[in-house]
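In this note's numbering, the protein residues as written are 67 to 359.
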C-alpha cells in the first residue's frame, strides 16, 4: 500500500537527497583532483554494487535481476555513463552553482525527447518550459560575450545525456523494477568504464578513500532518498525543494573554493527554475524515474 501523503516526510527525505547530491559534488571534485574521471566512475560502480547487494538479496536475489530488455539497458547506461563522465569533468572546470544550474535543464531535454520517442504530447506549458530553459542557459553561458568556458558546453552535454537517460528509464520502468534498473546500471557501467579507467589507473592514496567511499554512497543515497520523497508528495512539491541545491551549491563553492556567482548565473538559474515549474503542469513522475540521473 502506498504511503499517505505527508509534506514533512517528503521534506525530510528531500533534505537527505539534497545533502547527498551536494556531498557527491564535493567528493567528486576532491577525487577528480587526484584521479581521472573514468577511474572515479569505475570505483563508484564497483563499490556501489556491494552497497546495493543487500537490497538485491531482499528483492529475490540475482534470479530476480534477469531482464528481457538487455539492449535497452545497454543503450541507457552507455548514454548515462557519458553524461556522468561529462558532469564530473565539468566539476573541474566551472563553479558548482553554474554546473548545478545548467544541470537543471535535464527535465527540459526530457520533455523534448519524450515527445519524439515516447509519443507524449508537447503541450503549451512544455513549450514555454523549453523556451525559458533555453533562455536561461543562454543567460548563464552568454555565447559571443567574451570567451565562453568549455565547461559550460560539457555540463550542457551532460544534461542532454541525463535527459535521454530519463526517457529510456521511463520506458524500462514498464517492465523492470527500480532495483533491477540500478543493478544493471552498476554492472554495465563498470564494464563500459573498465578499459578507460585502467588506461591511466593509479592507486588512490589512503587519504582519498573516504572521498571515494562518499561518492559511491551518495551516488546511491541521493536517488533513493528522492524516490522516497516522491512517495510522500508529487513532483510539484519536490522540484522546488530540489532547486535549493543551486543556492546551497553557491554557498559551498564560496566557502570551500572561494567561487563567486554573478548576476547572470542567478538570473539564468531563475529562468530554468520557472521552466521546470511549468514543465510540472502534468502528471507527476514515478519514483522509479529518479534512477535515471
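C-beta atoms are modelled at their ideal positions from N, C-alpha and C, and glycine is treated no differently.
Burial check for residue 161: the Cβ neighbour count within 10 Å reaches 16 or more, so the residue is buried.
Counting only unbroken stretches of 4 or more residues, the alpha helix (DSSP H) elements lying wholly within the region 147–187 are 162–169, 172–183, in sequence order. The Cβ-Cβ distance between residue 139 and residue 250 falls below 7 Å. Between the C-alpha atoms of residue 283 and residue 195 there is a straight-line separation of about 33 Å.
With at least 16 other beta carbons inside 10 angstroms of its own, residue 242 counts as buried.
In this structure, the alpha-carbon of residue 330 lies about 21 Å from that of residue 158. Cβ-Cβ separation between residue 167 and residue 338: approximately 6 Å, consistent with a contact (criterion under 8 Å). Nearest Cα to residue 276 within the set 103, 109, 309, 171: 109. The C-alpha of residue 318 is placed about 21 Å away from the C-alpha of residue 78. Within a 10 Å sphere around the beta-carbon of residue 87 sit 16 or more other beta-carbons, which makes this residue buried. For residue 182 and residue 227, the gap between their C-alpha atoms comes out near 15 Å. Secondary structure remark: continuous alpha helix (DSSP H) runs of at least 4 residues inside the region 201–272, in chain order: 216–238, 244–258, 260–265.
Within the same chain, 176, 179, 180, 183, 184 come within 7 Å of residue 233 by CB-CB distance, once the 5 residues on both sides are set aside. Just so you know, the alpha carbons of residue 299 and residue 264 end up roughly 43 Å apart. In the same chain as residue 145, and ignoring 5 residues on each side of it, the C-beta atoms closer than 8 Å to its own belong to 227, 230, 231, 234, in chain order. The C-beta of residue 173 has 16 or more other C-beta atoms within 10 Å across all chains shown, which makes the residue buried. Taking each of 237, 343, 116, 262 in turn and checking the Cα distance to residue 134, the smallest one comes out for 237. Boundaries of the alpha helix (DSSP H) harbouring residue 114: 103–124, taken from the DSSP string.
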